[in-house]
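First to last, the sequence lines map onto chains A and B.
Using our numbering, the letters of the first sequence correspond one by one to residues 140 to 273.
Using our numbering, the letters of the second sequence correspond one by one to residues 22 to 146.
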Amino acid sequence: MPDHSDLVDEFDAYYRIIDEPVMRRIERNMLGSDYGASSYTTVDQADRLLGLLGLAPGKLLLDYGSGTGWPGIHLARSSGCEVVLIDLPLEGLRRADRRRQVEGVRGGVLAASAALLPLQDRVFDAATSSDVLC
Amino acid sequence: MLRACNRVLKSGAPLVFFVVAVAAGLAPRDSARAIGAGPEYVDAGPGYPSLMEAAGFVNVEVIDVTDDYAAALSDSIQARNAERSQLEDLIGVDKFIEGQTSRRRELAAVHEGLLRRHLVVALRP
Chain A
140 MPDHSDLVDE FDAYYRIIDE PVMRRIERNM LGSDYGASSY TTVDQADRLL
190 GLLGLAPGKL LLDYGSGTGW PGIHLARSSG CEVVLIDLPL EGLRRADRRR
240 QVEGVRGGVL AASAALLPLQ DRVFDAATSS DVLC
Chain B
22 MLRACNRVLK SGAPLVFFVV AVAAGLAPRD SARAIGAGPE YVDAGPGYPS
72 LMEAAGFVNV EVIDVTDDYA AALSDSIQAR NAERSQLEDL IGVDKFIEGQ
122 TSRRRELAAV HEGLLRRHLV VALRP
């Protein structure tokens, strides 16, 4: 498996400054979101995902390479489904879990490589990611 | 990663994702330029849908969303320029210049047709 430790460190450094007001203003201007997103997914594109993923209450969504939870938490909150957020940078996952709880979204976070996904077989109703190395 | 996704999804479940990728059919030199200009995670693999089908997915659809990618990059550059002094205080002058130079290079590569962004939709059979 490739070593992405430099990239993980880079994302962690980015996530440590995303709560600064200037970073939030830039994200709102760029994407319309306020999660500390590190992808190019706009609010309109996230809403497009809602229909394509067939999400609804009782369904379980996997967001791999989730960063700070954009758009996985938004999708779960909008649809009423549960979400599992998976990524390697711990700073992003901490923020994602706090945001998940603030939004009242059921689910959790897991620090793991998306290449391995240490999860049971055939448990998710849908999966998504934004700008993650495949 | 795609095979792992296939394994954890229920039968009939969708996998839908955005990905930045090197444009198909580029000469080796242009491909190298695209990789150099793109984000660290840019996909330079064999492309979709063959990659998806090899991972066990069906009904693969690849939708081009490059125009939105270019718009987001342009908005990012403009928003950062508008916040320049505060960003320089936060991350330093050198990091600000380095980041904006990188974003401009990436946007230029998009405009030259070297980088694309796709929305990939597929089903687990």
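Where a beta carbon is used, it is the ideal one built from N, C-alpha and C, also for glycine.
Check, Outcome
"Residues, ordered as in the chain, of the stretch 168-182 of chain A that lie near chain B by beta-carbon distance below 8 Å", "N168, M169, L170, S178, Y179, T180, T181"
"Opening and closing residue of the beta strand (DSSP E) in which F117(B) lies", "It is not in any beta strand (DSSP E) - F117(B) instead sits in the alpha helix (DSSP H) that spans 114-132."
"Chain-ordered residues of the stretch 242-272 of chain A with a beta carbon less than 8 Å from chain B", "A253, A254, L255, L256, L258, Q259, D260, R261, V262, F263, D264, A265, A266, T267, S268, S269, D270, V271, L272"
"Buried/exposed call for V149(B), threshold 16 Cβ in 10 Å", "Past the edges of chain B, shown from 22 to 146, lies residue 149(B), and the structure says nothing about it."
"Residues, ordered as in the chain, of the stretch 190-205 of chain A that lie near chain B by beta-carbon distance below 8 Å", "L191, L192, G193, L201, Y203"
"Uninterrupted alpha helix (DSSP H) stretches inside the stretch 177-219 of chain A (no shorter than 4 residues)", "182-192, 211-218"
"Members of the stretch 35-52 of chain B near chain A, C-beta cut-off 7 Å", "P35, L36, V37, F38, F39, V40, V41"
"Cβ-based burial, V114(B) [other Cβ within 10 Å; buried from 16]", "exposed"
"Residues, ordered as in the chain, of the stretch 67-99 of chain B that lie near chain D by beta-carbon distance below 8 Å", "Among the chains of the structure shown, chain D does not appear; the protein chains present are A and B."
"Where F39(B) sits in the DSSP three-state scheme", "strand"
"Given G57(B) as reference, the closest of G46(B), A130(B), L30(B) once Cα atoms are compared", "A130(B)"
"Bridge-paired residues (DSSP) for T267(A)", "D202(A), V37(B)"
"Where the alpha helix (DSSP H) containing V262(A) begins and where it ends", "Run containing V262(A): none; DSSP gives neither H nor E here."
"Chain A contact residues for E104(B), given Cβ-Cβ distances below 7 Å", "V161, R164, I165"
"Residue environment, N102(B), which counts as buried when at least 16 other CB atoms sit within 10 Å", "exposed"
"Residue span of the alpha helix (DSSP H) that contains R101(B), given as start and end", "87-103"
"C-alpha distance - D236(A) paired with A48(B), whole-angstrom precision", "43 Å"
"Meets three-Cβ-pair contact criterion under 8 Å: the stretch 247-262 of chain A and the stretch 172-179 of chain A", "no"
"Start-to-end residues for the alpha helix (DSSP H) that takes in D226(A)", "No alpha helix (DSSP H) contains D226(A), which is instead part of the beta strand (DSSP E) from 221-226."
"L194(A) beta carbon less than 8 Å from that of V37(B)", "no"
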